[in-house]
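Protein sequence lines correspond, in order, to chains A and B.
With my numbering as the guide, the letters of the first sequence map in order to residues 860 to 1078.
With my numbering as the guide, the letters of the second sequence map in order to residues -14 to 257.
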Amino acid sequence: MDYQWDFATLWQYRYLLLEGLAYTAGFTVLTVVSGVVVGTIFALARLSGLRVVTVPVMAVVELFRCTPVLVQLVWCYYALPMLTGVEISPPMAAFLTLTLYGAAFYSEIIRGGIVSIDIGQWDAGRAIGMRRGQLMGKIILPQALRRMVPPLVNQSVLQLKNTSLLSVLAVPDLLYQGQLVTSATYRPLETYTLIAAIYLAVLFPLTRTAHWLEDRNKA
Amino acid sequence: MTYQPNSDLRNHRSPLMDKDLMIEVVGLKKSFGPLEVLRDINLIVPRGHVVALIGPSGSGKSTLLRSLNLLCLPDAGYVAIGDHKMDFSAGNVSLRDRDLAAFRANTGMVFQNFNLFPHMNVVENVMVGPVTVLKQDKKSARERAIELLSKVGLADRAEAHPEQLSGGQKQRVAIARALAMNPDVMLFDEATSALDPALVGEVLAVIRQLAEQGMTMILVTHEMAFARDVADTVIFMKDGYVVEAGDARQVINQPREAATREFLSHFHGGLA
């Protein structure tokens, strides 16, 4: 194969790609935060044991866990407005979908972390007169968080990768900008290789961190 | 009041002034599903008395103990410890987190499996109750914690983490943690059952010392000789009932009820 590699052409599009990276990173951070917040609410709702809360929350969690995020994204952007009569922008649809999708998985991680704490810890905290919030804050969550962090980081890595799906709604994330660059340069090989390399450069340190945290917890 | 305490315990009551009464339980009932674990338990414990609860497993003794600090919520009955009272009679059960917590703060409990907080070192385990619940400042809580740790012989392990301690040491930390709340009553739920035989003695020594200092205590225990020698009263439970209750030496050495005799016959090796 005598293909003439030419990464140099891409240099002039660096700001376009940087902007894409900023969108990707921004959407990731935003939906990780909102996903963890909503996920925590879901987890606590499920732990409440009140059927009026647990049943609908379980339904939402399973709905988002058992359908592809691309389907959710498209449904939320094209179908939801027909149902509600309210138009939403692509970034808004993307934000809503990724938040709930993330929350569905985060809630299971958070709930799992909390219920994995030995019942004796609850007994001991209650026995010294701790109230529910004190028990959660001082005894249960500090122990549960250590167990939750590695899977939360892993889930957040997936969350970042899922932002590449936003390109189908023309949200200008890294992949979408890559498509623009490709159509301008006719250099898909260099462009998409570069895009993949950027994802790798961002995600590899994150997955290493997750590994490191797991090892540290085992020790 | 419409209740009939068990005859042996009622005798304790009449001469007592209320200030001498530390624990009062009336008509306590608890079921887990169809299983009746406690059936109409009545109990009176004067201040400074040590009561040993004995009986076969499944007899309800741990459930009774856990009902005394409301870790287990009774279905019916009345529980009073010191100035704290809880009435579980029908329709009266709006249990607020705050009230339960205040009630529990007044009793110390020591568990079979220690249940130390693994993310805190020894002194933090002892301090966390006073600092979080009683809002003591950290400095005085730490001083008091060290004092209690010396009392159980572990002042030199204050900065150690629970996983670095032996079972006996863990249990002594757990006792210090419970004492840090200045409870009216200490409850021991098979505190030596999970220990190597060689480590039982050091924990029993601490409990004995507390008894000598006048702490009101209820112990669920399988250490019959210890129950006989340290407790004032021994209560034998079976199938959710109090079968026999009375003077510790009498119940252990000359039980009146056949069921008590039968139960104790398994222990004669350990009673010498």
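The beta-carbon is built from N, C-alpha and C at its ideal position, and this holds for glycine as well.
Exercise. Which residue from A:1006, A:1061, A:959 puts its Cα closest to that of residue 892 of chain A?
Worked result: The residue labelled residue 892 of chain A in the question sits at position 33 within the first sequence. For residue 892 of chain A, the closest of A:1006, A:1061, A:959 by C-alpha to C-alpha distance is A:959.
Problem set entry | Straight-line gap, residue 1117 of chain A to residue 953 of chain A (C-alpha atoms, nearest Å) | Outside the shown range of chain A (860 to 1078) lies residue 1117 of chain A, about which nothing can therefore be said.
Exercise. Going by beta carbon distance, what residues of the same chain come within less than 6 Å of residue 964 of chain A, once the five residues before and after it are set aside?
Worked result: Numbered from its first residue, the first sequence carries residue 964 of chain A at position 105. Contacts found: 1014.
Problem set entry | Exposed unless 16 or more other CB atoms sit within 10 angstroms - verdict on residue 861 of chain A | Position 2 of the first sequence, counting from 1, holds the residue named residue 861 of chain A. When all chains shown are included, residue 861 of chain A counts as exposed.
Problem set entry | residue 16 of chain B - partner residues in DSSP beta bridges | Along the second sequence, read from residue 1 onward, the residue named residue 16 of chain B stands at position 31. For residue 16 of chain B, which the question treats as bridged, DSSP gives the partners B:21.
Problem set entry | Interface residues of chain A facing residue 104 of chain B [CB-CB closer than 9 Å] | As a working mapping, residue 104 of chain B is identified with position 119 in the second sequence. Under the 9 Å cutoff, chain A gives 998, 1001, 1002, 1005.
Exercise. Between residue 1051 of chain A and residue 1058 of chain A, what straight-line distance do the alpha-carbon atoms span, to the nearest angstrom?
Worked result: Reading the first sequence from its first residue, position 192 is the one you call residue 1051 of chain A. Reading the first sequence from its first residue, position 199 is the one you call residue 1058 of chain A. Residue 1051 of chain A and residue 1058 of chain A: Cα-Cα distance of roughly 11 Å.
Exercise. Between the C-alpha atoms of residue 890 of chain A and residue 956 of chain A, what's the straight-line distance to the nearest angstrom?
Worked result: By 1-based counting over the first sequence, the position of residue 890 of chain A is 31. By 1-based counting over the first sequence, the position of residue 956 of chain A is 97. Distance between the alpha carbons of residue 890 of chain A and residue 956 of chain A: 9 Å.
Problem set entry | residue 991 of chain A at chain B interface by Cβ criterion, 8 Å | Residue mapping note: residue 991 of chain A aligns to position 132 of the first sequence, counting from 1. Yes, because at least one Cβ of chain B sits closer than 8 Å to the Cβ of residue 991 of chain A.
For this session: Pick helix, strand or coil for residue -1 of chain B, following the three-state DSSP scheme.
Result: Within the second sequence, residue -1 of chain B is the residue found at index 14, counting from 1. Summary for residue -1 of chain B: the model assigns pLDDT 41, below 50, so the residue's position carries little reliability; its value from the coordinates is reported in the next sentence. Three-state result, residue -1 of chain B: coil.
Exercise. Fully enclosed by the segment 36 to 66 of chain B, which beta strand (DSSP E) runs are 3 residues long or longer?
Worked result: List check, beta strand (DSSP E) in window: 61 to 66.
Exercise. Assuming residue 13 of chain B contacts residue 52 of chain B under a Cβ cut-off of 8 Å, what Cβ separation, rounded to an integer in Å, is found between them?
Worked result: On the second sequence, residue 13 of chain B is found 28 positions in, with the first residue counted as 1. On the second sequence, residue 52 of chain B is found 67 positions in, with the first residue counted as 1. With 8 Å as the limit, residue 13 of chain B and residue 52 of chain B qualify as a contact, their Cβ atoms being about 6 Å apart.
For this session: Show which residues of chain B have a CB atom less than 7 Å away from the CB atom of residue 971 of chain A.
Result: Within the first sequence, numbered from 1, the residue matching residue 971 of chain A stands at position 112. Neighbours of residue 971 of chain A on chain B: none; closest Cβ ~18 Å, over 7 Å.
For this session: With 8 Å as the threshold, decide whether the Cβ of residue 90 of chain B is near any Cβ in chain A.
Result: For the purposes of this step, residue 90 of chain B is identified with residue 105 of the second sequence, where counting begins at 1. Interface residue, yes.
For this session: Give, in chain order, every residue of the segment 132 to 163 of chain B whose Cβ lies closer than 9 Å to some Cβ of chain A.
Result: 159, 162, 163
Exercise. Does the segment 229 to 242 of chain B touch the segment 189 to 201 of chain B, meaning 3 or more C-beta pairs lie closer than 8 Å?
Worked result: A contact is defined here as three or more CB-CB pairs under 8 Å, and the segment 189 to 201 of chain B fails this definition with respect to the segment 229 to 242 of chain B.
Exercise. Taking the C-alpha atoms as reference points, what is the distance between residue 190 of chain B and residue 977 of chain A?
Worked result: Taking the first residue of the second sequence as position 1, residue 190 of chain B is located at position 205. Taking the first residue of the first sequence as position 1, residue 977 of chain A is located at position 118. C-alpha separation (whole angstroms): 28 Å.
Exercise. Nearest CA to the CA of residue 200 of chain B: which residue from B:221, B:207, B:160?
Worked result: Taking the second sequence and counting its residues from 1, the one referred to as residue 200 of chain B is at position 215. When only C-alpha atoms are compared, the closest one is B:160.
Exercise. How would you list, in chain order, the residues of chain E whose beta-carbon sits under 7 Å from the beta-carbon of residue 177 of chain B?
Worked result: The structure shown has no chain E; the protein chains it does contain are A and B.
For this session: Give the DSSP bridge partners of residue 228 of chain B, in chain order.
Result: Translated into positions along the second sequence, residue 228 of chain B becomes position 243. Residue 228 of chain B is not bridged to any residue.
For this session: Compare the beta carbon distance of residue 212 of chain B and residue 39 of chain B with 8 Å and say whether it is the shorter of the two.
Result: Residue 212 of chain B sits at position 227 when you count from the first residue of the second sequence. Residue 39 of chain B sits at position 54 when you count from the first residue of the second sequence. Yes, these two residues count as a Cβ contact at 8 Å.
For this session: Assuming residue 67 of chain B and residue 169 of chain B form a contact by the criterion Cβ under 8 Å, report the distance between their Cβ atoms to the nearest whole angstrom.
Result: Translated into positions along the second sequence, residue 67 of chain B becomes position 82. Translated into positions along the second sequence, residue 169 of chain B becomes position 184. Residue 67 of chain B to residue 169 of chain B, Cβ: 4 Å. Contact.
For this session: Identify every residue that forms a DSSP beta bridge with residue 93 of chain B.
Result: Here residue 93 of chain B corresponds to residue number 108 of the second sequence, with the count starting at 1. Answer is B:171, bridged to residue 93 of chain B.
For this session: For the segment 960 to 987 of chain A, enumerate the residues whose C-beta is nearer than 7 Å to any C-beta of chain B, in chain order.
Result: Along the segment 960 to 987 of chain A, going in chain order, the ones with a CB nearer than 7 Å to a CB of chain B are 979, 980, 982, 983, 985, 986, 987.
For this session: Kindly list the residues whose CB is nearer than 6 Å to the CB of residue 114 of chain B, restricted to its own chain and excluding five residues on each side of it in sequence; keep chain order.
Result: The residue labelled residue 114 of chain B in the question sits at position 129 within the second sequence. Within the same chain, residue 114 of chain B has close Cβ partners 165, 166.
For this session: Name the residue from B:36, B:96, B:86 whose alpha carbon lies nearest to the alpha carbon of residue 203 of chain B.
Result: Locating residue 203 of chain B in the second sequence gives position 218, where the first residue counts as 1. Nearest option by C-alpha distance: B:36.
For this session: Quick one: using the 10 Å Cβ neighbour count with 16 as the cut-off for buried, is residue 866 of chain A buried or exposed?
Result: In the first sequence, counting from the first residue as 1, residue 866 of chain A sits at position 7. Its Cβ having fewer than 16 others within 10 Å, residue 866 of chain A is exposed.
Exercise. Going by beta carbon distance, what residues of the same chain come within less than 7 Å of residue -13 of chain B, once the five residues before and after it are set aside?
Worked result: Along the second sequence, one-based indexing puts residue -13 of chain B at 2. At residue -13 of chain B, the pLDDT of 37 sits below 50, so the modelled position is not reliable; the number obtained from the coordinates is stated separately. Here the set comprises nothing.
Exercise. Is DSSP giving residue 31 of chain B helix, strand or coil here?
Worked result: Here residue 31 of chain B corresponds to residue number 46 of the second sequence, with the count starting at 1. Strand.
For this session: Can you pull the chain A residues whose beta carbon is under 7 Å from the beta carbon of residue 117 of chain B, in chain order?
Result: Here residue 117 of chain B refers to the residue found at position 132 of the second sequence. In chain order: 989, 993, 997.
Problem set entry | Per-residue DSSP class, three states only, for residue 11 of chain B | Taking the second sequence and counting its residues from 1, the one referred to as residue 11 of chain B is at position 26. It is a strand residue.
Exercise. Taking the Cβ atom as the reference point for each residue, do residue 22 of chain B and residue 45 of chain B lie within a distance shorter than 8 Å?
Worked result: On the second sequence, position 37 is the one that residue 22 of chain B refers to. On the second sequence, position 60 is the one that residue 45 of chain B refers to. Yes.
Exercise. Hey, is residue 49 of chain B's beta-carbon within less than 8 Å of any beta-carbon in chain A?
Worked result: Start at 1 with the first residue of the second sequence, and residue 49 of chain B comes out as number 64. Cβ-Cβ to chain A under 8 Å: no for residue 49 of chain B.
Exercise. Does the Cβ of residue 109 of chain B have 16 or more other Cβ atoms within 10 Å, making it buried, or fewer, making it exposed?
Worked result: As a position in the second sequence, residue 109 of chain B is number 124, starting the count at 1. Burial call: buried.
For this session: Could you tell me which of B:43, B:11, B:105, B:61 sits nearest to residue 28 of chain B, measuring between CA atoms?
Result: What you label residue 28 of chain B is simply residue 43 of the second sequence in a count that begins at 1. It is B:11.
For this session: Determine the contact status of residue 184 of chain B and residue 153 of chain B, defining contact as a CB-CB distance below 8 Å.
Result: Within the second sequence, the letter at position 199 stands for residue 184 of chain B. Within the second sequence, the letter at position 168 stands for residue 153 of chain B. Yes, the Cβ-Cβ distance between residue 184 of chain B and residue 153 of chain B is below 8 Å.
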